[in-house]
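Converting from the sequence shown to our numbering requires adding 48 to each position, the first position being numbered 1. Using N, Cα and C, we set each Cβ at its ideal position, and we do this for glycine too.
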Amino acid sequence: MCLPPLHAKQDIASPQQTGKTYTIKGVVLDFNNEPIIGASVFIPGTSIGVATDLDGNYVLKVPANTKNIEFSYIGYEKKVVPFNPKDLNVFRVVTMKEDSGIALEDVTIVAFAKQKKESVLGSVSTIKPAELKTTSSNLTTGFAGKLAGVVAYQRSGEPGEDNAEFFIRGVTTFGTGKADPLILIDNIELTSSDLARLNTDDIASFSILKDATATALYGARGANGVILVTTKEGTEGKMKLSFRVESSFSAPSKEVEIADPLTFMKLHNEAVRTRNPDGALPYLESAIAAREKGLNPMAYPMVDWKDMLFKDFTTNYRGNMSLSGGGRVARYYVALSYSRDNGILKQVPSNLFDNNIKLDKYTVRSNVNINLTKTTELGVRVSGTFDSYQGPIQGGSQVYSQAIKASPVLFPAMYAPDAANQYTNHPMFGNYGTSANYLNPYAEMARGYKEYENTVILAQLELKQDFSFITEGLKGRLLGNVTRTSYYDLQRSYTPFYYALDSYDKTKDEYTLSALNPDLGTDYLGYSPGSKKVGSSLYLEASLSYDRTFVEKHNVSGMLVYTVREGKSGNENTLQKSLPTRNLGLAGRFTYGFSDRYFAEFNFGYNGSERFDKSHRWGFFPSGGLGWVVSNEKFWADKPISKVINMLKLKGSYGLVGNDNISNNDNRFFYLSEVNMNNSGRGMNFGTNFDEGYNGISISRYANPKIGWEISHKMNVGFELKLFNDLEIQAEYFKERRTNILQERADIPSLMGFQAPIRANIGEAKGHGVDISLDYSHIFNKNWWTTVRGNFTYASSEFSEYEEPDYSATPWRSKIGSKLSQTYGYIAERLFVDDEDVANSPKQQFGEYTAGDIKYKDINRDGIIDEQDIVPIGYPTTPEIIYGFGFSVGYKAFDFNCFFQGSARSSFFISPLRITPFAQPYDPDNELGGKQANNALLQVIADNHWSESNQNMYAFWPRLSDTAISNNNQSSTWWLRDGTFLRMKSAEIGYTLPKRLTSKAKLENLRIYVSGTNLFNISKFKIWDTEMGNNGLGYPVQRVFNVGIQLSL
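Written out as structure tokens, the structure is:
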């Protein structure tokens, strides 16, 4: 923030005398020169007062006989400034100090309440919303490295599919249910996609609740941690209008490099001859020579599919507006935002529609607070999010993947008309052979588009009642929320007309084409209805709280919360999914603090679940914590050490948290059997010719009334420290034991004849780790200030109980003791040197292999390489270490910040099946629709593969082949890569215009800035962006450059 220039006294604090009344204006700042929103500015002993607005500004009319003006805000020392009509400049800029009794910020948002930071015993991380701002319209892409305890990573950059995956303190369950955290926005449970759409300018607070004490009040919903977000509310004062507009340029952070078509042809020939010296070459030398000479591209195509399909960059736009203000009775905050995210696909000139990705997002939010009486406040919140998408039918990632699954030399993307087709008015897409059954990525992208509309609307009423007239410190709260969601999609498409080269006359340079599907192609857009889904949820919450201090030393507080939630979904395809979901819960918190030094807390959650049998449907999950603020002791406060260590707090907690979301919605009612009355796989045929078929009956799930809660046992110890009034450190060590994890039984003999899997609460996992955060802030003088922030999270988890076959003879195959997302495979030693090396090595059971193919280690030394030799290899696929660090610096009106994000202790596989050059692509999900294709040749394979002339035993790629070699495609250390990386995640430089200039335009503030995201990456892995892991052949993560302007009126 930029301080007002000292010579511009009339801009803010200009005394205006009206009779015996003066009007004073000013701004209230914290020690970081940041505005304090909602600070009270009043005349002691009177009802005259106001609250500061979103920029910390205030205007107050003061009678001439006023003695003092008081400034107060929770977490800061009260400041009293004498009122002298002859010297009103003292009110121009008022800087408040942190309350010595409340270090490390002021208050913390916790479950259903706010607490003084020093009294918080649970593990809670907070971050200023501005620090989450990125150049993306997706909030979750800014999580990694910025929140202690959060493990986050982004696998795709495709608009609408670019949500980061994130977990709180890793993943400590291996069941099939929910592993990601509970997300609450204004106390309402929403999805990660709803969180991703949230505008940072609308966020008032952002907290991460990590241990049992912090999450206990959310009961069964909080086992995986809680993300708690509150949105802004209006403040008393004049109307404030704010705008932010941004435009950005987006391009892939790293491209997968593809070899040129000539190299493709030459190495394809090598791939055939190196496996079969007598094999027919796929490409004649004359065909290669013709392409080298650049002859007719219709007869001798050389297609760069990626260049045909994708642009170098695209442009995106974002804008938002907010309006806030209010008086003593009512306050309001209204916000509107819009963003347009475009893809990097090229427009097909012959299409009359846009085949590129286009995602429009609209949000509207209205938060109104009304003082019905002096003790009663009503909050009305309404918000809506509206997404509108248009893009290729198969999605951006599949378009990108198909670009490296097609031969670059079989046919061009489109043929120019030959003599017989001079008047053909439809696009003539290229293909091969006689059946149009080869993949043409350009035609696949061009043939149509998909649309979807997604809407989320929330309406909320909150009633707060202060019962201090009954007894001091007693408050009540009622909250009701209704959420409505709707979604539909559709497709518009045509069938491309495909053509193949029939003949080519070299002397005349003329060619003829043959139509491959003249009766099947269409030149109009057809229509295919997609899916439709609607949903609604009702949430009710009632709470009663008590907070009071006795004899100035004994602080006692308590809270009881009762919650009811019901959700319904339409257009479901099964009975179970269509049934309403209902949850009930009672939770409580009780705290005691003595003299701001010793703290104790007890929490509980009592929840019922529809998933379990009545005999144990309800679960009770208690937790407790203790804390000691050492720095508030007399022996500390009066000693020189207090000037070095300003604050020291020790804390610890232990508790249980339940989880009933242990399977998908197809298995909601474990205590009930599920019978399929119409199973064709169990049918019989009757009749004289057995031509009358009848479906049979089968069991899909056996009733098991003993299935119950998954239980998390969480322990947390840590300290909070403040040094030299500038450096804040928080460090915590945590352990978790997850019991009763739902798992399929592995030791039930097949002779028992069960038709469906048998599940039971028999699994266990354990985890541990540390998370650390450091914050440094210092103001050097009126022109210079700086802040430094760093976070480190280490979270590791492993199997402790897992039902599996007896592996006593091969203990390395047991999962017990291995990491939850551990990778498994063979240990690859090197490539075979020659035929003698092959003959003298253990027999590998994966088909044919020869010199230049992968040699595996015989773990059990039985002379055979088979599944008995599979071992844990590498690190887990979920990173165990996430860290980040950055700084901000300001000089006069300029500010600059940058942030680095890192990840370590993770591994991922390169899939050899997906990148085997020249071969028919591996297509387990039928993305090609049965079409023939040839994988492209990656440049890294062209540059570094084993050959007779390059017998490198450690080359990246084994001996070439035009078919997949099973021996080389096994999961092994050969294809395992280290996921460690460090990237410059973001940087921004801004300039705030001086008040003397903005005031002339009647502006409160004007700032312009330039920023960038994913600017560079440091990693040993070079083929694609390391953060994408094994999704490297999908739509790439984007590097973004952004220009923006922010102003307020």
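Beta-carbon proximity check, residue i vs residue j, cutoff 7 angstroms
i	j	result
S1059	E1036	yes
G1092	E333	no
Y646	W676	yes
R878	K905	no
N788	E758	yes
F401	Y497	yes
G270	T263	yes
S372	Y381	yes
N106	T100	In the sequence under discussion, the amino acid at residue 106 is Tyr, which differs from the Asn named in the question. A contact, by the Cβ cut-off of 7 angstroms.
T183	T189	no
S617	G583	yes
E25	E849	This structure cannot settle anything about residue 25, because the visible part of the chain is limited to 49 through 1097.
H664	G756	yes
G218	S845	yes
L1045	L1095	no
L586	E614	yes
F90	E125	no
S711	F894	no
A347	Y552	yes
Residue environment, residue i, which counts as buried when at least 16 other CB atoms sit within 10 Å
i	result
V692	exposed
G1082	buried
R376	exposed
I918	buried
I150	Because I150 sits at a pLDDT of 40, beneath the cut-off of 50, its placement in the model cannot be relied upon, and the following sentence gives the value as read from the coordinates. Burial call: buried.
A61	Interpretation of A61 is limited by its pLDDT of 39, a score under 50 that renders its predicted location unreliable; no figure is taken from the coordinates.
Q109	The sequence as given places Lys at residue 109; Gln does not occur at that position. Counting Cβ neighbours within 10 Å, K109 comes out exposed, since fewer than 16 surround it.
R1087	buried
Y855	exposed
S301	buried
F1108	Past the boundaries of the shown model lies residue 1108; the chain is included only from 49 to 1097, so the question cannot be answered.
L152	Confidence in L152 is poor, its pLDDT being 36 and thus under 50, which makes the residue's placement unreliable; the coordinate value appears in the next sentence. Flag for L152 reads buried.
K258	buried
L623	exposed
According to DSSP, residues forming a beta bridge with residue i
i	result
W666	G656
R1055	T1040, Q1094
P300	Q1086
W1005	H993
P130	N116
S255	T174, L276
F215	V199
I1066	L1030
Alpha helix (DSSP H) segment containing residue i, residue limits
i	result
A1098	In the structure as shown, the chain begins at 49 and stops at 1097. Residue 1098 is therefore absent and cannot be evaluated.
E884	883 to 887
Q624	623 to 626
A260	260 to 263
P960	960 to 963
L243	240 to 245
Range covered by the beta strand (DSSP E) that runs through residue i
i	result
F312	Note, F312: premise wrong, no beta strand (DSSP E); alpha helix (DSSP H) at 309 to 323.
K498	496 to 514
L634	629 to 642
D550	546 to 553
L608	602 to 617
W353	No beta strand (DSSP E) holds W353; the alpha helix (DSSP H) holding it covers 353 to 357.
I275	274 to 279
E558	558 to 563
V142	141 to 143
R164	Position check: residue 164 holds Lys in this sequence, whereas Arg was assumed. Counting along the chain, the beta strand (DSSP E) containing K164 begins and ends at 161 to 164.
Test: residue i CB closer than 7 angstroms to a CB of chain B
i	result
P628	Of the protein chains in this structure there is only one, and it is not chain B.
For the region 678 to 762, which segments carrying the beta strand (DSSP E) assignment without a break, of at least 3 residues, lie completely within its bounds, in sequence order? If you keep only unbroken beta strand (DSSP E) runs of at least 3 residues inside the region 678 to 762, you get 693 to 707, 722 to 734, 740 to 749.
Where in the region 401 to 457 do unbroken runs of the beta strand (DSSP E), each at least 3 residues long, occur, reported from the N-terminal end onward? The region 401 to 457 contains these whole beta strand (DSSP E) runs: 406 to 419, 424 to 439.
Can you check the region 367 to 397 for any beta strand (DSSP E) of at least 3 residues that lies completely inside it and give the ranges in chain order? 378 to 390
Taking only runs that begin and end inside the region 874 to 948, name each unbroken beta strand (DSSP E) of 3 or more residues, in chain order. 876 to 879, 902 to 904, 919 to 921, 929 to 939
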